[in-house]
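S.K.:
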Amino acid sequence: MLTNATATTTRYDKEIREAPAFCLDKTNLPVGKKYQGKVRDSYDLGDAIMLVTTDRLTAFDRHLALIPYKGAVLNLTSAWWFEQTKNLVPNHIIAIPDPNVVIAKKCTVFPIEFVVRGYISGTTGTSLWTQYQNGVRTYCGITFPEGLTKNQQLEQAVLTPTTKEQIHDRPIAPAEIISEGWMTEADWLEASALALKLFQRGSEIAKNHGLILVDTKYEFGRDANGKIIVVDEIHTPDSSRYWLADSYQARIAAGLEPENIDKEFLRLWFAKNSDPYHDEQLPQAPQELIVELSSRYIQLYERITGQKFSFAEHKEPAEQRIMRHIANYLG
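So for the sequence shown, my numbering puts the first residue at -14; every next one is plus one.
#1: Using 8 Å for Cβ pairs, my map puts R207 next to A142. What's the rounded Cβ distance?
#2: Is the stretch 233 to 253 touching the stretch 302 to 313 in the sense that three or more CB pairs, one from each, lie closer than 8 Å?
#3: Write down every uninterrupted run of the alpha helix (DSSP H) in the stretch 140 to 166 whose length is 4 residues or greater and which is fully enclosed by it, in chain order.
#4: How would you call G31, buried or exposed, if buried means at least 16 neighbouring beta carbons within 10 angstroms?
#5: When the Cα atoms are used, what is the spatial distance from G110 to Q116?
#6: Give me the Cα-Cα distance between E165 and L174, rounded to the nearest whole angstrom.
#7: Could you compute how far the alpha carbon of L51 sits from the alpha carbon of P156?
#8: If you draw a straight line from the alpha carbon of G211 to that of E189, how long is it in whole angstroms?
#9: Using CA atoms only, rank isn't needed, just tell me which of V16, D46 and T39 is closest to A33.
#10: Which residues bound the beta strand (DSSP E) around G206?
#11: Measuring only the C-alpha atoms, how far is E298 from D29?
#12: For A89 versus I78, is the C-beta distance shorter than 9 Å?
#13: How big is the Cα-Cα spacing for T39 and D26?
#14: Roughly how many angstroms separate the alpha carbons of Q138 and F129, rounded to a whole number?
#15: Taking A191 as part of the alpha helix (DSSP H), name the residues at either end of that continuous run.
#16: Rounded to whole angstroms, what is the Cα-Cα separation between R2 and N72?
#17: Within 10 angstroms of the Cβ of R122, are there 16 or more other Cβ atoms? Answer buried if so, exposed if not.
#18: Does DSSP put S259 in a helix, in a strand, or in coil?
#19: In the DSSP assignment, find the beta strand (DSSP E) that holds K19 and state where it starts and stops.
#20: Considering only DSSP beta bridges, list what S27 is partnered with.
#21: Measuring straight from C-alpha to C-alpha, what distance separates P271 and D223?
#22: Below 8 Å on the Cβ atoms is my guess for Y282 versus Y54; work out the distance and round it to an integer in Å.
#23: Mind checking which residues open and close the alpha helix (DSSP H) that includes Y286?
#24: Using the three-state DSSP reduction, which class does F99 fall into: helix, strand or coil?
#25: Could you tell me how far apart the beta carbons of L144 and F99 are, in whole angstroms, since I believe they sit closer than 8 Å?
#26: Under three-state DSSP, which class holds L315?
#27: Where K91 and D217 are concerned, what is the direct C-alpha to C-alpha distance, given to the nearest angstrom?
#28: Could you give the residue range of the beta strand (DSSP E) that holds L133?
#29: Kindly list the residues whose CB is nearer than 7 Å to the CB of R186, restricted to its own chain and excluding five residues on each side of it in sequence; keep chain order.
#30: Could you tell me how far apart the beta carbons of L253 and T108 are, in whole angstroms, since I believe they sit closer than 8 Å?
Set out below in structure tokens:
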């Protein structure tokens, strides 16, 4: 499998292989009512919300594995992107007291995921390429021309929203979002414009770092002042796909998959070795793939932010460290 995967840094192999003892699977912190999402555990702090990003890896609407340092990488990568885009779109961040934690504004989140795509690609059932390959030409209210090929850049970025539902997310057209009462027309128009602005900014910054931002998803909500803000995460390797720009053209010309620096290769492994949408039990991912994915996530963080990932704070049980760091926010 790794012969077809991107060769990444191996200088952190030792730290990654020693990390499982400190992997953050789930939390049970005595700080308020808890809600467990796919990747994040959230706690109600009264006038704010605390989001703890765990090391859980999910895809195909289910849990796949634990990836060392993944939670910290996601949280810190997202925090960096929020800082880079706050002049463009306001966000929910109040503070980052711990590598895995964000203290955020409370808001009413719209039950829609804003999926923006710059390329026709993907392996999941809701991916644009899967739908196109199956003969679908109108998707989420957008009509696509004949003759598109896998991993081709689209003429312009498109927005293909999905509903946020308990079991399976559902692709939905803007007209249906409004007619079914998921959002008002005014809210949809404002939030969708913000999503496209964020994707354009993200694509520009990624390009400057030798990366292609292939696609991503955003979530928006309305804060206590009635303002629409971006929440959850942005441009992380969980919510986005990245390719290496230098080799993209040559690999496409050779009929090869682009070199990716996200979780796509592990999704491909599960798709090849199981039926992740229907199998009751999935195979365990090989350790070498776990290490590789952790390495890629760290590589992306360092490449995008220009900062070294710090392992020093991950040498104690995560919950103990988190409680120490958030003490100031608990009164």
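Where is the CB? At the ideal position from N, CA and C, for every residue including glycine. Please read these numbers as outputs of a predicted model, since none were measured by experiment.
M.R.: To lay it out plainly:
#1: Not really, about 24 Å apart at Cβ, beyond 8 Å.
#2: Contact between the stretch 302 to 313 and the stretch 233 to 253 is absent, because fewer than three Cβ pairs lie under 8 Å.
#3: Whole alpha helix (DSSP H) segments, 4+ residues: 159 to 164.
#4: Exposed, because fewer than 16 other Cβ atoms sit within 10 Å of the Cβ of G31.
#5: Their backbone Cα atoms lie some 7 Å apart in a straight line.
#6: Here the C-alpha atom of E165 lies approximately 16 Å from the C-alpha atom of L174.
#7: One C-alpha to the other measures close to 28 Å.
#8: Approximately 30 Å, taken between the alpha carbons.
#9: Closest option to A33, Cα to Cα, is V16.
#10: First-last of the beta strand (DSSP E) with G206: L196 to D208.
#11: Looking at the two C-alpha atoms, the distance is approximately 25 Å.
#12: Taking the C-beta atoms as reference points, I78 is found nearer than 9 Å to A89.
#13: Near 7 Å, if we compare the C-alpha coordinates of D26 and T39.
#14: One C-alpha to the other measures close to 13 Å.
#15: A191 -> alpha helix (DSSP H) spans E170 to N193.
#16: So the alpha carbons of these two residues sit roughly 39 Å apart.
#17: The residue is exposed, with fewer than 16 neighbouring Cβ atoms inside 10 Å.
#18: Three-state DSSP puts S259 in coil, outside helix and strand.
#19: Where K19 is concerned, the enclosing beta strand (DSSP E) stretches over K19 to Q21.
#20: For S27, the beta-bridge partners assigned by DSSP are Y20 and L36.
#21: Using only the alpha carbons, I get a separation of about 19 Å.
#22: So it is a contact: roughly 7 Å between Cβ atoms.
#23: Run containing Y286: Q272 to T290, per the alpha helix (DSSP H) assignment.
#24: It is a strand residue.
#25: Indeed they touch by this definition, with Cβ atoms about 6 Å apart.
#26: DSSP places L315 in coil when its eight states are reduced to three.
#27: When rounded, the distance between both Cα atoms is 11 Å.
#28: According to the DSSP assignment, L133 belongs to no beta strand (DSSP E), since it is labelled neither H nor E.
#29: Cβ contact annotation for R186 (same chain, cutoff 7 Å, sequence separation greater than five): T70 and L73, in chain order.
#30: At roughly 6 Å, the Cβ-Cβ gap stays under 8 Å, so L253 and T108 are in contact.
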